[in-house]
Amino acid sequence: MGKVSKGTLCSVDGCGREAVRSLSAASVEKAGLKIKGARRAYLCRQHYKEYKKATKKEKTLERWRYKGQLL
């Protein structure tokens, strides 16, 4: 049983909602979200949606880069 299922709150500054996902703090900060210092970042549904939008282009480019190496 992880921290998210136990009811951990969102790690983003100023947010008090219940977390639904756990990600590395470095990747969340790289996406532009301000979090309280820790190794893991716990995100609520709204902030996870913002994280996905911020990293969408980066993930697409990484997939293209990997696919180009296979050919």
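Counting from -8, one number per residue, gives the positions in the sequence shown under the working numbering. Heads up, the beta-carbon is just placed ideally off N, CA and C, and yes, glycines get one too.
The DSSP-derived three-state label of R8 is coil.
Distances from the CA of G7 to each of G(-2), K21 and K43 were compared; the closest alpha carbon is that of G(-2).
A32 and K25 have their alpha carbons spaced roughly 10 Å apart.
DSSP places L24 in the coil class of the three-state scheme, outside both helix and strand. With at least 16 other beta carbons inside 10 angstroms of its own, Y39 counts as buried.
A straight-line Cα-Cα distance of about 9 Å links A45 and V19.
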